[in-house]
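Visitor:
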Amino acid sequence: VNCEAFMSRLWEYFESKLSKSERDDCEEHASTCEPCSELLAKCHELTCRQFVEFLNDYLDDTLPADRHIVMDRHLEVCPECQRYLAGYRSTIALTKSARWDELGEVPSELFQAVIDAMSEDDGAGSR
Amino acid sequence: MFSGGLDGRITNPDAKGAMTDVMRSHGPQILAAVQRLVADPDQARDAFQEGMLAAWKSLPGYQGRSTLSTWVHRVVINHALMLLRRRGRTHEQSLDDLLPSFTGYGHYLSSPPEWCEEPGTLLQREEVRSEVRQCVERLPDTYRVPLVLRDLEGMRMEEIAKLLEITVNAVKIRVHRARQALKSMLEPCLLEGAK
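If you read the protein sequences in the order shown, they are chains A and B.
Going by the working numbering, the first residue of the first sequence is number 1, and it counts up by one from there.
Going by the working numbering, the first residue of the second sequence is number 1001, and it counts up by one from there.
#1: Contact criterion: CB-CB distance below 8 Å. Does A30 (chain A) meet it with respect to chain B?
#2: Cβ atoms of Y1143 (chain B) and R1087 (chain B): under 8 Å apart, would you say?
#3: Tell me, please, whether the CB atom of Y58 (chain A) is closer than 8 Å to any CB atom in chain B?
#4: Determine, using beta carbons only, whether S37 (chain A) comes closer than 8 Å to chain B.
#5: Do V1168 (chain B) and M1155 (chain B) count as a contact pair if the criterion is CB distance below 8 Å?
#6: By alpha-carbon positions, which one of A:A30, A:C48, A:Q50 and A:R49 ends up nearest to A41 (chain A)?
#7: For R1138 (chain B), count the other beta carbons within 10 Å of its own beta carbon; 16 or more makes it buried, fewer makes it exposed. Which is it?
#8: Does any residue of chain B have a CB that is nearer than 8 Å to the CB of D72 (chain A)?
#9: If you measure beta-carbon to beta-carbon, which residues of the region 1107 to 1140 of chain B are closer than 8 Å to chain A?
#10: Can you name the residues of chain A whose CB is closer than 8 Å to the CB of L1182 (chain B)?
#11: To the nearest angstrom, report how far apart S97 (chain A) and L1123 (chain B) are at their CA atoms.
#12: Where does F1102 (chain B) sit, in a helix, a strand or coil, going by DSSP?
#13: Using Cβ-Cβ distances below 8 Å, what residues of the region 1063 to 1095 of chain B are close to chain A?
#14: Assuming G87 (chain A) and P1028 (chain B) are in contact, meaning their beta carbons sit under 8 Å apart, how far apart are those beta carbons, in whole angstroms?
#15: Tell me the rounded alpha-carbon separation between N1132 (chain B) and L1190 (chain B).
#16: Touch check for the region 1112 to 1122 of chain B and the region 61 to 69 of chain A: three-plus C-beta pairs under 8 Å?
#17: Looking at the secondary structure, which residues open and close the alpha helix (DSSP H) in which R1125 (chain B) lies?
#18: Determine, using beta carbons only, whether D61 (chain A) comes closer than 8 Å to chain B.
#19: Tell me where the alpha helix (DSSP H) around W1056 (chain B) begins and ends.
#20: Using the beta-carbon count (16 or more within 10 Å), is K1172 (chain B) buried or exposed?
#21: When DSSP labels each residue in this structure, what does Y1143 (chain B) get in the three-state scheme?
#22: Tell me which same chain residues have a C-beta within less than 8 Å of the C-beta of T1103 (chain B), skipping the five on either side of it?
#23: Taking N1078 (chain B) as the reference, which of B:L1186, B:I1160 and B:V1175 has the closest Cα?
#24: From T1020 (chain B) to G1061 (chain B), what distance separates their C-alpha atoms?
#25: Could you check how far apart the C-beta atoms of C26 (chain A) and V77 (chain A) are, in whole angstroms? I think they sit under 8 Å.
#26: Taking a contact to mean a Cβ-Cβ separation below 8 Å, would you say V1148 (chain B) touches L1164 (chain B) in this structure?
#27: What residues from chain A crowd round L1031 (chain B), counting only those whose CB sits closer than 7 Å?
#28: In angstroms, rounded to a whole number, what distance separates the CA positions of R1179 (chain B) and M1052 (chain B)?
#29: Rounding to the nearest angstrom, what Cα-Cα distance links R23 (chain A) and D1040 (chain B) in this structure?
#30: Measuring alpha carbon to alpha carbon, tell me which of B:S1058, B:S1101 and B:S1184 ends up nearest F51 (chain A).
#31: What does A113 (chain A) reach in chain B if we use C-beta pairs closer than 7 Å?
#32: Examine chain A for any beta-carbon lying closer than 8 Å to the beta-carbon of D1042 (chain B), and answer yes or no.
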């Protein structure tokens, strides 16, 4: 198993979809290859489910520093969470930006109805 | 009282004139905020009118801690939330189908799709702007209201919690779930449009 084969099997490794011998091959490679060993350790730190669970706090920067670093590290090695985060950020941006082009005038009859209601009321100006 | 520089936009010395100024300068924003909260256009107009009247009646309590327009905006929003509570939750459906699913080992069941276009580019398309608004409106009240207050009104979590009488943690969870659901709802339109 070389580094490329190791990385291509990583998902199946965590999903327990490899045979025992394939799994052993991966672990043997990681034990002799420093970059792949680090990658395996990072993947063990946090699952994608946990990454998504804490995403809100991650973006609001309200996670404890050590937790934030673990999220950063997971993001570095997980293209799926990178895509999820990008879509999540885009959703927020779209929601915020779509607001302003819908502003019209207050309809004149509604405007007048409020003025009339204020006039009828024994309002603040006379209290 | 109202000519003392509490709000740079207000020049009228009388209360009614000040309220009219606010309605003229900020009425469209306030009405749009109410519409996003209440969703139904007729109910939104009623809520706007009742909310403005509530602000008028409460005007003696205005202490100038914020601009008059901001204060009126908050009073009207509060009134719209009361209306929502009175209206009750008639068809609160679960969002579970719109949230990402994971395997027992915590991996995505299906890989998240890639959004090819930037939000700025997407928003140039009218159908995208329309889709975003429709999707927000389709969210159940429980999730739509915190999302609108956070992402559209820009309120702090603590402020939303106070308004909705729930914990800050509950607000965070609802906003997060609403964003996740909205993402899933938008994807068919956006990914189709990108092809």
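Ideal Cβ placement from N, Cα and C applies to all residues, glycine included.
This structure is a prediction, so every number in the text was calculated from the model and none was measured.
Guide: Considering the structure as presented:
#1: no
#2: no
#3: no
#4: no
#5: The criterion of a C-beta distance shorter than 8 Å is not satisfied by M1155 (chain B) and V1168 (chain B).
#6: A:A30
#7: exposed
#8: no
#9: H1107, Y1108, S1111, P1112, P1113, E1114, W1115, E1118, P1119, G1120, L1122, L1123, V1128, R1129, V1132, R1133 and V1136
#10: T91 and T95
#11: 8 Å
#12: strand
#13: none
#14: The Cβ separation is near 31 Å, so there is no contact.
#15: Note on residue identity: the sequence assigns Val, not Asn, to residue 1132 (chain B). Roughly 10 Å between the two C-alpha positions.
#16: no
#17: R1125 (chain B) -> no alpha helix (DSSP H), and no H or E assigned at all.
#18: Using a Cβ-Cβ cut-off of 8 Å, D61 (chain A) does not count as an interface residue toward chain B, since no Cβ of chain B sits closer than that to its own.
#19: P1041 to S1058
#20: The residue is buried, with at least 16 neighbouring Cβ atoms inside 10 Å.
#21: The answer is helix: DSSP assigns Y1143 (chain B) an H, G or I state.
#22: Counting only Cβ-Cβ distances below 8 Å, and skipping sequence neighbours, we find L1109.
#23: B:I1160
#24: 18 Å
#25: The beta-carbon separation of C26 (chain A) and V77 (chain A), rounded to 15 Å, does not stay under the 8 Å limit for a contact.
#26: no
#27: V106
#28: 30 Å
#29: Distance between the alpha carbons of R23 (chain A) and D1040 (chain B) is about 57 Å.
#30: B:S1101
#31: Q1049
#32: So, not an interface residue.
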